[in-house]
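Only one structure is covered here, and it is reproduced in the block below.
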Amino acid sequence: DAGITQSPRHKVTETGTPVTLRCHQTENHRYMYWYRQDPGHGLRLIHYSYGVKDTDKGEVSDGYSVSRSKTEDFLLTLESATSSQTSVYFCATSTGTGDYGYTFGSGTRLTVV
Amino acid sequence: AQSVTQLGSHVSVSEGALVLLRCNYSSSVPPYLFWYVQYPNQGLQLLLKYTSAATLVKGINGFEAEFKKSETSFHLTKPSAHMSDAAEYFCAVSLPSGTYKYIFGTGTRLKVLA
Numbered sequence: 001d002a003g004i005t006q007s008p009r010h011k012v013t014e015t016g017t018p019v020t021l022r023c024h025q026t027e028n029h030r031y032m033y034w035y036r037q038d039p040g041h042g043l044r045l046i047h048y049s050y051g052v053k054d055t056d057k058g059e060v061s062d063g064y065s066v067s068r069s070k071t072e073d074f075l076l077t078l079e080s081a082t083s084s085q086t087s088v089y090f091c092a093t094s095t096g097t098g099d100y101g102y103t104f105g106s107g108t109r110l111t112v113v
Numbered sequence: 001a002q003s004v005t006q007l008g009s010h011v012s013v014s015e016g017a018l019v020l021l022r023c024n025y026s027s028s029v030p031p032y033l034f035w036y037v038q039y040p041n042q043g044l045q046l047l048l049k050y051t052s053a054a055t056l057v058k059g060i061n062g063f064e065a066e067f068k069k070s071e072t073s074f075h076l077t078k079p080s081a082h083m084s085d086a087a088e089y090f091c092a093v094s095l096p097s098g099t100y101k102y103i104f105g106t107g108t109r110l111k112v113l114a
């Protein structure tokens with residue numbers, strides 16, 4: 001049973017449409033994160049959550065929103081997709097102690113056309 | 001604020017040769033440091049981490065890294081490269097306390113030549 005499941009794995013969508021990506025964890029970790037990965041930029045934090053209904057912005061949060069109604073689920077919504085949001089999106093979880101590190105999902109490849 | 005710099009976005013080595021991937025950090029306090037590996041079309045996996053115990057850290061797949069405070073470095077090494085080591089490697093840093101976010105470097109893609 002995979003610790004972190006991201007869905008969908010691949011998606012193509014049109015500019016201007018809303019898109020929701022899902023992250024589901026069985027780790028029972030308090031903290032959850034959404035990153036985007038782009039060539040030359042490494043991983044950049046979009047939003048994170050430190051508990052149910054507790055979320056905060058990362059460094060590239062414009063155009064994205066998140067929700068966490070259950071410990072195990074963290075949703076990322078692109079409110080109106082743009083071509084600049086074409087990327088690979090990773091969900092990660094952590095216990096919240098600095099020495100733990102992250103557990104990552106397998107990623108969602110999103111293409112906005 | 002803490003930051004991470006990975007020198008060299010692409011590194012090529014011959015099979016059997018030494019692998020050296022460089023990571024320098026900036027932090028006002030002793031950090032926790034991590035190396036992750038990403039194989040094609042996969043998420044990132046933890047290779048090893050430094051959490052203020054031994055300065056020489058051994059990880060999976062024969063990799064190790066040494067924390068050098070005087071040089072603010074945490075370089076990743078492996079004595080003998082294998083074809084299966086071809087991947088992208090990321091260094092990351094977090095602060096020891098009161099934190100829940102990690103700062104990642106921009107990654108180094110390792111190519112292993114036959």
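Line order of the protein sequences matches chains S and X. Just so it is clear: in the first sequence, position 98 is 98 by this note's numbering, and no numbers are missing. Just so it is clear: in the second sequence, position 20 is 20 by this note's numbering, and no numbers are missing. No residue lacks a Cβ here, since even glycine has one placed at the ideal position from N, Cα and C. Since this is a predicted model, take the numbers as computed values, not measurements.
Which value, in whole angstroms, describes the spacing of the CA atoms of residue i and residue j?
{"i": "X/A1", "j": "X/V29", "result": "10 Å"}
{"i": "S/T26", "j": "X/T72", "result": "36 Å"}
{"i": "S/Y31", "j": "S/Y48", "result": "7 Å"}
{"i": "S/Q85", "j": "S/L75", "result": "16 Å"}
{"i": "X/A17", "j": "X/S52", "result": "29 Å"}
{"i": "S/W34", "j": "S/L110", "result": "14 Å"}
{"i": "X/S70", "j": "S/S65", "result": "41 Å"}
{"i": "S/H24", "j": "S/T71", "result": "9 Å"}
{"i": "S/V52", "j": "S/T20", "result": "18 Å"}
{"i": "X/K78", "j": "S/I46", "result": "33 Å"}
Three-state secondary structure (DSSP) at residue i?
{"i": "S/K53", "result": "coil"}
{"i": "S/E72", "result": "coil"}
{"i": "X/K101", "result": "coil"}
{"i": "X/E71", "result": "helix"}
{"i": "X/S12", "result": "strand"}
{"i": "S/S65", "result": "strand"}
Just to make sure I have the definition right: I need the residues of chain S whose C-beta is within less than 7 Å of the C-beta of residue i. Which are they?
{"i": "X/T5", "result": "Correct list: empty, because the minimum Cβ distance to chain S is about 11 Å."}
{"i": "X/Y32", "result": "G98, D99"}
Starting from residue i, find everything on chain X with Cβ-Cβ shorter than 8 Å and list it in chain order.
{"i": "S/F90", "result": "G43, L44"}
Indicate, with yes or no, if the ligand SAM has a heavy atom lying under 8 Å from the CB of residue i.
{"i": "S/V113", "result": "Summarising the ligand content, the structure contains no ligands, and the ligand SAM is consequently not present."}
Just confirm the distance between the C-beta atoms of residue i and residue j, as a whole number of angstroms; I'd bet it's less than 8 Å.
{"i": "X/T106", "j": "S/G42", "result": "4 Å"}
{"i": "S/Q37", "j": "S/R22", "result": "Incorrect: roughly 18 Å between the Cβ atoms, too far for contact."}
Quickly, what does DSSP pair residue i with across the bridge? List them, please.
{"i": "X/M83", "result": "In the DSSP output, where bridge partners are listed per residue, X/M83 has none listed."}
{"i": "X/L46", "result": "X/Y36"}
{"i": "X/N24", "result": "X/T5, X/S73"}
Kindly list, in the order they appear in chain X, the residues whose Cβ is closer than 9 Å to that of residue i.
{"i": "S/D73", "result": "Result: empty, since nearest Cβ-Cβ is about 18 Å, beyond 9 Å."}
{"i": "S/S106", "result": "N41, Q42, G43"}
Which residues of chain X have a Cβ atom closer than 7 Å to the Cβ of residue i, listed in chain order?
{"i": "S/L45", "result": "K101"}
{"i": "S/R42", "result": "Checking the displayed sequence, the identity of residue 42 of chain S turns out to be Gly instead of Arg. The answer, in chain order, is F90, F104, G105, T106, G107."}
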